[in-house]
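S.K.: Supplied in structure tokens, the structure appears directly below.
In my numbering, the protein residues as written are 2 to 283.
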């Protein structure tokens with residue numbers, strides 16, 4: 002009898018209602034300040050990260066080997082025989098490759114691991130799709146096959162007021178961030194096919210950015226009716242709500258919809274004020 006667990010890393014920004022479900026396990030990224038290292042979403046919040054950004058931009062690093070081993074032990078103890086492992090883009094984080102070593106080495110489980118080539122709520126939506134399929138009684142192979150398909154039909158766009166933090170974390174070039182800063186442009190970031198960041202557009206302010214993200218979402222969805230929507234926001238609940246309203250006003254309504262505060266690890270790289278839209282076709 003297959004008993005399937007879902008394993009995600011905390012950069013997937015999985016909504017709380019799914020993090021709290023039985024059979025879902027989250028590996029916390031590490032957030033390192035000069036004097037102390039915190040576990041993402043365990044002992045530091047995104048708000049606390051934002052608060053300290055003017056003083057220090059911390060470094061982020063992979064989940065520790067210890068936390069991976071603990072999660073795998075917990076999964077085994079709970080009687081799970083199979084794992085669907087979902088990681089943020091290997092083009093942005095080493096988590097996928099590091100975790101793969103542990104999973105390949107652990108003969109307690111049958112495992113399929115996935116590099117989503119996405120980040121934040123886009124990766125989270127793929128994990129939600131996987132968990133829903135498991136709860137609907139689908140087999141391990143069916144779930145794995147559907148996850149692979151969802152990864153091919155996923156997109157994320159996020160608009161941020163400044164490129165300062167992405168540049169500081171080495172996620173985007175200094176030249177790109179200088180251009181954005183000089184013109185007071187709010188860049189719209191997306192993931193390329195290889196899972197690395199690229200600037201999809203530059204908007205004159207966050208309001209224009211939201212309209213542009215609406216256009217991107219409309220083009221991506223086309224005539225499709227079955228999709229999940231995720232809104233990410235960086236300490237801007239009103240902005241997140243406004244983005245969802247904008248989608249609804251233009252006829253975009255997901256089978257399920259989630260608005261989630263961006264997690265601490267992504268918050269380090271984007272700073273406050275982010276608004277993001279993810280769509281995953283199911």
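Cβ coordinates follow ideal geometry from the N, Cα and C atoms, glycine included.
Computed from a predicted structure; not experimentally measured.
At which residues does the alpha helix (DSSP H) containing residue 271 begin and terminate?
M.R.: Along the chain shown, read from residue 1 onward, the residue named residue 271 stands at position 270. From DSSP, the alpha helix (DSSP H) with residue 271 extends over 265 to 271.
S.K.: Hey, how far is the Cα of residue 204 from the Cα of residue 213?
M.R.: Taking the first residue of the chain shown as 1, we reach residue 204 at position 203. Taking the first residue of the chain shown as 1, we reach residue 213 at position 212. Approximately 8 Å, taken between the alpha carbons.
S.K.: Return the bridge partner residues of residue 50 from the DSSP annotation.
M.R.: Counting from one through the chain shown, the residue named residue 50 turns up at place 49. DSSP output for residue 50 lists no bridge partner at all.
S.K.: Considering residue 27, what are the terminal residues of the beta strand (DSSP E) in which it resides?
M.R.: Your numbering for residue 27 matches position 26 in the chain shown. Residue 27 -> beta strand (DSSP E) spans 25 to 28.
S.K.: Looking at residue 28: is its Cβ nearer than 8 Å to the Cβ of residue 68?
M.R.: Looking up residue 28 in the chain shown gives position 27. Looking up residue 68 in the chain shown gives position 67. In contact: residue 28 and residue 68 (Cβ atoms closer than 8 Å).
S.K.: What is the rounded straight-line gap between the Cα of residue 286 and the Cα of residue 281?
M.R.: Past the boundaries of the shown model lies residue 286; the chain is included only from 2 to 283, so the question cannot be answered.
S.K.: How far does the beta strand (DSSP E) with residue 115 in it reach, from first residue to last?
M.R.: Numbered from 1 along the chain shown, position 114 holds the residue referred to as residue 115. Element bounds for residue 115: 111 to 116.
S.K.: To the nearest angstrom, how far is it from the Cα of residue 46 to the Cα of residue 73?
M.R.: The count along the chain shown starts at 1 and reaches residue 46 at position 45. The count along the chain shown starts at 1 and reaches residue 73 at position 72. Those two C-alpha atoms are separated by around 24 Å.
S.K.: Please say whether residue 51 and residue 268 have beta carbons closer to each other than 8 Å?
M.R.: Numbered from its first residue, the chain shown carries residue 268 at position 267. Numbered from its first residue, the chain shown carries residue 51 at position 50. Yes, they are a contact pair.
S.K.: Report buried or exposed for residue 261, applying the criterion of at least 16 other Cβ atoms within 10 angstroms of its Cβ.
M.R.: On the chain shown, position 260 is the one that residue 261 refers to. Buried, because 16 or more other Cβ atoms sit within 10 Å of the Cβ of residue 261.
S.K.: For the beta strand (DSSP E) containing residue 60, list its first residue and its last residue.
M.R.: Numbered from its first residue, the chain shown carries residue 60 at position 59. Unbroken beta strand (DSSP E) run through residue 60: 60 to 62.
S.K.: If residue 218 and residue 248 are in contact, beta carbons under 8 Å, what's the gap, nearest whole angstrom?
M.R.: Counting from 1 along the chain shown, the entry for residue 218 is found at position 217. Counting from 1 along the chain shown, the entry for residue 248 is found at position 247. With a Cβ gap of about 7 Å, residue 218 and residue 248 count as contacting.
S.K.: From residue 116 to residue 197, what distance separates their C-alpha atoms?
M.R.: Taking the first residue of the chain shown as 1, we reach residue 116 at position 115. Taking the first residue of the chain shown as 1, we reach residue 197 at position 196. The straight-line gap from Cα to Cα measures roughly 12 Å.
S.K.: To the nearest whole angstrom, what separates the beta carbons of residue 81 and residue 145, a pair I think is in contact under 8 Å?
M.R.: Taking the chain shown and counting its residues from 1, one reaches residue 81 at position 80. Taking the chain shown and counting its residues from 1, one reaches residue 145 at position 144. In fact, because the Cβ distance is near 15 Å, the residues do not count as touching under 8 Å.
S.K.: Along the chain, where does the beta strand (DSSP E) containing residue 280 start, and where does it finish?
M.R.: Translated into the one-based positions of the chain shown, residue 280 becomes position 279. Residue 280 -> beta strand (DSSP E) spans 276 to 282.
S.K.: Whose CA, out of 37, 105, 131 and 192, lies closest to the CA of residue 229?
M.R.: Start at 1 with the first residue of the chain shown, and residue 229 comes out as number 228. It is 131.
S.K.: According to DSSP, simplified to helix, strand and coil, what is residue 199?
M.R.: Indexing the chain shown from 1 puts residue 199 at position 198. The answer is strand: DSSP assigns residue 199 an E or B state.
S.K.: Mind listing, in chain order, the continuous alpha helix (DSSP H) runs of no fewer than 4 residues lying wholly within the segment 139 to 175?
M.R.: Taking only runs of at least 4 residues, the alpha helix (DSSP H) segments lying wholly in the segment 139 to 175 are 141 to 153 and 165 to 169.
S.K.: Sorted by chain position, which residues of the same chain lie with C-beta nearer than 6 Å to residue 77's C-beta, five sequence neighbours on each side aside?
M.R.: Here residue 77 is taken as the residue at index 76 of the chain shown, counted from 1. 109.
S.K.: Between the segment 94 to 104 and the segment 32 to 47, are three or more C-beta pairs nearer than 8 Å?
M.R.: No: the two stretches stay apart, fewer than three of their Cβ pairs being nearer than 8 Å.
S.K.: Beta-carbon within less than 6 Å of residue 8's beta-carbon, same chain only, minus the 5 sequence neighbours each way: which residues are those?
M.R.: Here residue 8 corresponds to residue number 7 of the chain shown, with the count starting at 1. So the qualifying residues of the chain are 26, 84 and 86.
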